[in-house]
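S.K.: Take this structure, written in C-alpha coordinates, and hold onto it; I'll ask about it next.
In this note's numbering, the protein residues as written are 25 to 293.
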(Lines of atoms letter the chains of each structure in order from A and count residues from 1; the text may use other names and numbers.)
(Lines give C-alpha, C1' and ligand atoms only; values in the text may rest on other atoms or scores of the structure.)
Protein backbone atom coordinates (compact mmCIF):
# COMPACT_ATOMS: atom_id res chain seq x y z
CA UNK A 1 0.00 0.00 0.00
CA UNK A 2 1.33 3.43 -0.93
CA UNK A 3 0.94 6.39 1.41
CA UNK A 4 1.40 9.94 0.12
CA UNK A 5 3.55 12.12 2.35
CA UNK A 6 1.47 14.93 3.83
CA UNK A 7 2.49 18.16 5.46
CA UNK A 8 2.32 16.42 8.87
CA UNK A 9 4.80 13.69 7.94
CA UNK A 10 8.14 13.77 9.81
CA UNK A 11 9.76 12.33 6.69
CA UNK A 12 8.53 15.26 4.58
CA UNK A 13 9.72 17.74 7.19
CA UNK A 14 13.17 16.12 7.33
CA UNK A 15 13.55 16.02 3.55
CA UNK A 16 12.46 19.63 3.30
CA UNK A 17 15.09 20.68 5.84
CA UNK A 18 17.78 18.77 3.90
CA UNK A 19 16.83 20.45 0.63
CA UNK A 20 15.65 17.30 -1.14
CA UNK A 21 11.95 17.94 -0.80
CA UNK A 22 9.50 20.75 -1.48
CA UNK A 23 7.96 22.65 1.45
CA UNK A 24 5.60 20.25 3.28
CA UNK A 25 2.60 22.43 2.44
CA UNK A 26 3.22 21.99 -1.32
CA UNK A 27 3.26 18.19 -1.45
CA UNK A 28 0.15 16.67 -3.02
CA UNK A 29 -1.26 20.19 -3.17
CA UNK A 30 -2.06 21.31 -6.74
CA UNK A 31 -2.74 24.96 -5.80
CA UNK A 32 0.74 25.18 -4.24
CA UNK A 33 2.18 23.62 -7.38
CA UNK A 34 0.56 26.38 -9.42
CA UNK A 35 2.06 28.98 -7.07
CA UNK A 36 5.50 27.46 -7.55
CA UNK A 37 5.08 27.53 -11.31
CA UNK A 38 4.05 31.17 -11.20
CA UNK A 39 6.93 31.91 -8.83
CA UNK A 40 9.36 30.37 -11.30
CA UNK A 41 8.22 32.63 -14.15
CA UNK A 42 7.91 35.72 -11.94
CA UNK A 43 11.46 35.16 -10.65
CA UNK A 44 12.88 35.04 -14.17
CA UNK A 45 10.90 38.11 -15.26
CA UNK A 46 12.01 39.99 -12.15
CA UNK A 47 15.67 39.25 -12.85
CA UNK A 48 15.30 40.34 -16.48
CA UNK A 49 13.47 43.59 -15.75
CA UNK A 50 15.85 44.40 -12.88
CA UNK A 51 18.93 44.28 -15.10
CA UNK A 52 17.13 46.21 -17.87
CA UNK A 53 16.03 48.91 -15.43
CA UNK A 54 19.51 49.21 -13.97
CA UNK A 55 21.03 49.44 -17.43
CA UNK A 56 18.65 52.21 -18.53
CA UNK A 57 19.26 54.15 -15.32
CA UNK A 58 23.04 53.91 -15.70
CA UNK A 59 22.79 55.51 -19.14
CA UNK A 60 20.52 58.30 -17.83
CA UNK A 61 23.05 60.54 -16.04
CA UNK A 62 21.71 63.09 -13.53
CA UNK A 63 21.48 66.72 -14.65
CA UNK A 64 21.03 68.22 -11.20
CA UNK A 65 22.26 67.68 -7.66
CA UNK A 66 25.58 66.40 -6.36
CA UNK A 67 26.17 63.90 -9.19
CA UNK A 68 25.72 66.39 -12.04
CA UNK A 69 28.95 67.28 -13.82
CA UNK A 70 27.92 69.69 -16.61
CA UNK A 71 24.88 71.47 -18.08
CA UNK A 72 23.15 71.16 -14.74
CA UNK A 73 19.57 72.29 -14.13
CA UNK A 74 18.98 74.44 -11.05
CA UNK A 75 15.99 75.58 -9.01
CA UNK A 76 13.13 76.09 -9.92
CA UNK A 77 13.75 73.23 -12.43
CA UNK A 78 11.45 74.60 -15.14
CA UNK A 79 13.78 74.12 -18.11
CA UNK A 80 13.14 70.37 -18.30
CA UNK A 81 10.49 69.97 -21.00
CA UNK A 82 13.11 68.83 -23.52
CA UNK A 83 14.23 66.07 -21.13
CA UNK A 84 11.06 64.08 -21.74
CA UNK A 85 10.91 61.17 -22.42
CA UNK A 86 14.61 60.22 -22.27
CA UNK A 87 15.04 61.03 -18.56
CA UNK A 88 11.82 59.20 -17.72
CA UNK A 89 12.14 55.93 -19.65
CA UNK A 90 13.70 54.10 -16.72
CA UNK A 91 10.63 54.90 -14.60
CA UNK A 92 8.34 52.84 -16.82
CA UNK A 93 10.66 49.88 -16.37
CA UNK A 94 10.90 50.56 -12.62
CA UNK A 95 7.09 50.52 -12.32
CA UNK A 96 6.98 47.09 -13.97
CA UNK A 97 9.81 45.86 -11.72
CA UNK A 98 8.05 47.10 -8.58
CA UNK A 99 4.82 45.31 -9.51
CA UNK A 100 6.77 42.13 -10.26
CA UNK A 101 8.42 42.46 -6.86
CA UNK A 102 5.01 42.40 -5.14
CA UNK A 103 3.99 39.36 -7.20
CA UNK A 104 7.28 37.68 -6.25
CA UNK A 105 6.63 38.31 -2.56
CA UNK A 106 3.18 36.72 -2.93
CA UNK A 107 4.81 33.62 -4.44
CA UNK A 108 7.36 33.52 -1.63
CA UNK A 109 4.49 33.69 0.87
CA UNK A 110 2.80 30.74 -0.86
CA UNK A 111 6.08 28.82 -0.84
CA UNK A 112 6.61 29.36 2.89
CA UNK A 113 5.76 26.52 5.30
CA UNK A 114 2.89 27.26 7.66
CA UNK A 115 5.08 28.06 10.67
CA UNK A 116 7.08 30.65 8.67
CA UNK A 117 4.17 32.40 6.96
CA UNK A 118 3.92 35.10 9.61
CA UNK A 119 7.30 36.39 8.41
CA UNK A 120 6.47 36.25 4.72
CA UNK A 121 3.13 37.91 5.46
CA UNK A 122 4.90 40.82 7.15
CA UNK A 123 7.28 40.98 4.20
CA UNK A 124 4.36 41.11 1.79
CA UNK A 125 2.88 44.02 3.77
CA UNK A 126 6.18 45.92 3.45
CA UNK A 127 6.27 45.07 -0.27
CA UNK A 128 2.81 46.55 -0.80
CA UNK A 129 3.82 49.72 1.07
CA UNK A 130 6.92 49.95 -1.11
CA UNK A 131 4.91 49.49 -4.31
CA UNK A 132 2.31 52.11 -3.39
CA UNK A 133 5.06 54.66 -2.69
CA UNK A 134 7.21 53.91 -5.73
CA UNK A 135 4.54 53.35 -8.38
CA UNK A 136 2.72 56.49 -7.24
CA UNK A 137 5.98 58.43 -7.23
CA UNK A 138 6.94 57.40 -10.77
CA UNK A 139 3.43 57.77 -12.18
CA UNK A 140 3.27 61.37 -10.95
CA UNK A 141 6.50 62.13 -12.80
CA UNK A 142 5.35 60.76 -16.16
CA UNK A 143 1.70 61.84 -15.92
CA UNK A 144 1.75 65.15 -14.01
CA UNK A 145 5.08 66.93 -14.34
CA UNK A 146 5.45 66.89 -18.12
CA UNK A 147 1.89 67.93 -19.10
CA UNK A 148 1.94 70.63 -16.40
CA UNK A 149 5.09 72.18 -17.84
CA UNK A 150 3.79 71.98 -21.40
CA UNK A 151 0.70 73.90 -20.32
CA UNK A 152 2.65 76.51 -18.35
CA UNK A 153 1.41 75.23 -14.98
CA UNK A 154 4.58 75.61 -12.95
CA UNK A 155 3.29 76.00 -9.39
CA UNK A 156 4.62 73.22 -7.19
CA UNK A 157 6.84 71.70 -9.89
CA UNK A 158 10.04 72.33 -7.92
CA UNK A 159 8.77 70.27 -4.99
CA UNK A 160 7.56 67.35 -7.13
CA UNK A 161 10.13 67.00 -9.90
CA UNK A 162 12.80 64.28 -9.92
CA UNK A 163 15.46 66.94 -10.54
CA UNK A 164 15.09 68.41 -7.05
CA UNK A 165 17.54 66.52 -4.80
CA UNK A 166 15.56 67.70 -1.75
CA UNK A 167 12.11 67.16 -3.26
CA UNK A 168 9.24 64.80 -2.68
CA UNK A 169 10.32 62.43 -5.45
CA UNK A 170 13.64 61.57 -3.79
CA UNK A 171 12.06 61.30 -0.33
CA UNK A 172 9.48 58.79 -1.57
CA UNK A 173 12.15 56.77 -3.35
CA UNK A 174 14.27 56.72 -0.18
CA UNK A 175 11.49 55.27 1.96
CA UNK A 176 10.09 53.11 -0.86
CA UNK A 177 13.31 51.26 -1.52
CA UNK A 178 14.05 51.02 2.20
CA UNK A 179 10.66 49.29 2.58
CA UNK A 180 11.66 46.95 -0.27
CA UNK A 181 14.83 46.03 1.63
CA UNK A 182 12.77 45.42 4.77
CA UNK A 183 10.34 43.22 2.83
CA UNK A 184 13.18 41.04 1.57
CA UNK A 185 14.64 40.83 5.07
CA UNK A 186 11.31 39.51 6.39
CA UNK A 187 11.43 36.74 3.79
CA UNK A 188 14.71 35.38 5.22
CA UNK A 189 13.13 32.82 7.64
CA UNK A 190 11.22 31.26 4.72
CA UNK A 191 14.48 30.02 3.20
CA UNK A 192 15.68 27.97 6.15
CA UNK A 193 16.84 24.86 4.32
CA UNK A 194 20.52 23.95 4.32
CA UNK A 195 21.16 23.84 0.57
CA UNK A 196 23.48 26.42 -0.99
CA UNK A 197 20.80 28.23 -2.98
CA UNK A 198 18.63 29.06 0.01
CA UNK A 199 21.66 29.93 2.12
CA UNK A 200 22.75 32.39 -0.57
CA UNK A 201 19.27 33.94 -0.71
CA UNK A 202 19.23 34.38 3.07
CA UNK A 203 22.60 36.12 3.21
CA UNK A 204 21.89 38.34 0.22
CA UNK A 205 18.61 39.55 1.75
CA UNK A 206 20.26 40.15 5.12
CA UNK A 207 23.30 41.86 3.62
CA UNK A 208 21.14 44.10 1.45
CA UNK A 209 19.19 45.43 4.43
CA UNK A 210 22.31 45.90 6.56
CA UNK A 211 24.07 47.83 3.78
CA UNK A 212 21.00 50.02 3.26
CA UNK A 213 20.81 50.91 6.96
CA UNK A 214 24.56 51.54 7.21
CA UNK A 215 24.39 53.79 4.14
CA UNK A 216 21.44 55.74 5.53
CA UNK A 217 23.12 56.27 8.90
CA UNK A 218 26.54 57.12 7.42
CA UNK A 219 25.17 59.57 4.85
CA UNK A 220 22.91 61.18 7.44
CA UNK A 221 25.86 61.68 9.77
CA UNK A 222 28.06 63.10 7.00
CA UNK A 223 25.51 65.27 5.18
CA UNK A 224 22.65 65.64 7.65
CA UNK A 225 19.33 66.33 5.92
CA UNK A 226 21.25 67.43 2.81
CA UNK A 227 21.75 63.86 1.56
CA UNK A 228 20.42 64.74 -1.87
CA UNK A 229 20.46 61.82 -4.31
CA UNK A 230 23.21 59.94 -2.51
CA UNK A 231 21.12 57.49 -0.49
CA UNK A 232 18.49 57.14 -3.20
CA UNK A 233 21.03 56.09 -5.82
CA UNK A 234 22.69 53.63 -3.45
CA UNK A 235 19.56 51.96 -2.05
CA UNK A 236 17.77 51.55 -5.38
CA UNK A 237 20.95 50.16 -6.96
CA UNK A 238 21.29 47.64 -4.12
CA UNK A 239 17.66 46.56 -4.39
CA UNK A 240 17.77 46.20 -8.18
CA UNK A 241 20.99 44.17 -8.07
CA UNK A 242 19.52 41.96 -5.33
CA UNK A 243 16.34 41.40 -7.35
CA UNK A 244 18.44 40.43 -10.35
CA UNK A 245 20.66 37.97 -8.47
CA UNK A 246 18.00 36.47 -6.21
CA UNK A 247 15.52 36.36 -9.08
CA UNK A 248 17.83 33.81 -10.69
CA UNK A 249 18.28 31.93 -7.41
CA UNK A 250 14.56 31.95 -6.62
CA UNK A 251 13.76 30.53 -10.04
CA UNK A 252 15.86 27.52 -9.02
CA UNK A 253 14.01 27.22 -5.71
CA UNK A 254 10.60 27.36 -7.36
CA UNK A 255 11.65 25.01 -10.15
CA UNK A 256 12.70 22.38 -7.61
CA UNK A 257 9.51 22.81 -5.59
CA UNK A 258 7.44 22.66 -8.77
CA UNK A 259 9.14 19.43 -9.83
CA UNK A 260 8.57 17.76 -6.46
CA UNK A 261 4.95 18.94 -6.29
CA UNK A 262 4.36 17.44 -9.73
CA UNK A 263 5.81 14.09 -8.61
CA UNK A 264 4.96 13.80 -4.88
CA UNK A 265 7.10 11.43 -2.87
CA UNK A 266 5.65 8.21 -1.52
CA UNK A 267 6.65 5.67 1.06
CA UNK A 268 5.66 2.09 1.52
CA UNK A 269 3.61 0.94 4.51
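Backbone N, C-alpha and C define an ideal beta-carbon position, used for all residues, glycine too.
Are there 16 or more other CB atoms within 10 angstroms of the CB of residue 49, so buried, or fewer, so exposed?
M.R.: The sequence position of residue 49 within the chain shown is 25, counting from 1. Bear in mind that a pLDDT of 48 at residue 49, under 50, signals an unreliable position, so the model cannot answer this.
S.K.: Mind checking residue 218: buried by the 16 CB within 10 Å criterion, or exposed?
M.R.: For the purposes of this step, residue 218 is taken as the residue at position 194 of the chain shown. Residue 218 is exposed by the Cβ-count criterion.
S.K.: I'd like the list of long-range same chain contacts for residue 353, defined as Cβ closer than 7 Å, with 5 residues on each side in sequence excluded.
M.R.: Residue 353 cannot be examined here, being either before or after the span of the chain that is shown, 25 to 293.
S.K.: Roughly how many angstroms separate the alpha carbons of residue 150 and residue 121, rounded to a whole number?
M.R.: As a first step, residue 150 must be located in the chain shown, where it is residue number 126. As a first step, residue 121 must be located in the chain shown, where it is residue number 97. Approximately 16 Å between the Cα atoms of the pair.
S.K.: Can you check the segment 83 to 121 for any alpha helix (DSSP H) of at least 4 residues that lies completely inside it and give the ranges in chain order?
M.R.: As far as the segment 83 to 121 is concerned, it has no whole alpha helix (DSSP H) run of at least 4 residues.
S.K.: Just verifying my parser: in three-state terms, what is the DSSP assignment at residue 8?
M.R.: Any answer about residue 8 is impossible in this case: the structure gives the chain only from 25 up to 293.
S.K.: Tell me whether the beta-carbon of residue 275 lies closer than 9 Å to the beta-carbon of residue 71.
M.R.: On the chain shown, position 251 is the one that residue 275 refers to. On the chain shown, position 47 is the one that residue 71 refers to. Closer than 9 Å, so yes.
S.K.: Quick check on residue 251: buried or exposed, where buried means 16 or more other Cβ atoms within 10 Å of its Cβ?
M.R.: Along the chain shown, read from residue 1 onward, the residue named residue 251 stands at position 227. Counting Cβ neighbours within 10 Å, residue 251 comes out buried, since at least 16 surround it.
S.K.: Taking 7 Å as the limit between beta carbons, can you name the residues of its chain near residue 256, skipping five residues before and five after?
M.R.: On the chain shown, position 232 is the one that residue 256 refers to. Once the five neighbours on either side are set aside, the close Cβ partners of residue 256 are 194, 197, 198.
S.K.: Could you give the C-beta distance for residue 59 and residue 139, rounded to a whole number, given that I count them as a contact under 8 Å?
M.R.: Sequence index remark: in the chain shown, residue 59 carries index 35 (1-based). Sequence index remark: in the chain shown, residue 139 carries index 115 (1-based). With a Cβ gap of about 18 Å, residue 59 and residue 139 do not count as contacting.
S.K.: Residue 192 and residue 184 - do their beta-carbons sit closer together than 9 Å?
M.R.: Locating residue 184 in the chain shown gives position 160, counting from the first residue. Locating residue 192 in the chain shown gives position 168, counting from the first residue. In contact: residue 184 and residue 192 (Cβ atoms closer than 9 Å).
S.K.: For residue 50, does the three-state DSSP call read helix, strand or coil?
M.R.: Residue mapping note: residue 50 aligns to position 26 of the chain shown, counting from 1. Confidence at residue 50 is low in this model, with a pLDDT of 45, below 50, so its placement is unreliable and the value that follows should be read with caution. Here residue 50 sits in helix by DSSP.
S.K.: Output the distance between the C-alpha atoms of residue 128 and residue 177, rounded to the nearest integer angstrom.
M.R.: Counted from its first residue, the chain shown places residue 128 at position 104. Counted from its first residue, the chain shown places residue 177 at position 153. Their Cα atoms are separated by approximately 39 Å.
S.K.: Would you say residue 97 and residue 187 are within 9 Å of each other, going by their C-beta atoms?
M.R.: Residue 97 sits at position 73 when you count from the first residue of the chain shown. Residue 187 sits at position 163 when you count from the first residue of the chain shown. Their beta carbons are under 9 Å apart, which means residue 97 touches residue 187 by this criterion.
S.K.: Write down the C-beta distance between residue 170 and residue 83 rounded to the nearest angstrom, noting that I regard them as a contact closer than 8 Å.
M.R.: Along the chain shown, read from residue 1 onward, the residue named residue 170 stands at position 146. Along the chain shown, read from residue 1 onward, the residue named residue 83 stands at position 59. Actually they are not in contact, since the Cβ atoms of residue 170 and residue 83 sit about 20 Å apart, beyond 8 Å.
S.K.: By DSSP, does residue 135 sit in helix, in strand, or in coil?
M.R.: What you label residue 135 is simply residue 111 of the chain shown in a count that begins at 1. Residue state, collapsed to three classes: helix.
S.K.: Mapping the DSSP letters down to three states, classify residue 161 as helix, strand or coil.
M.R.: Mapped onto the chain shown, residue 161 falls at position 137. Helix.
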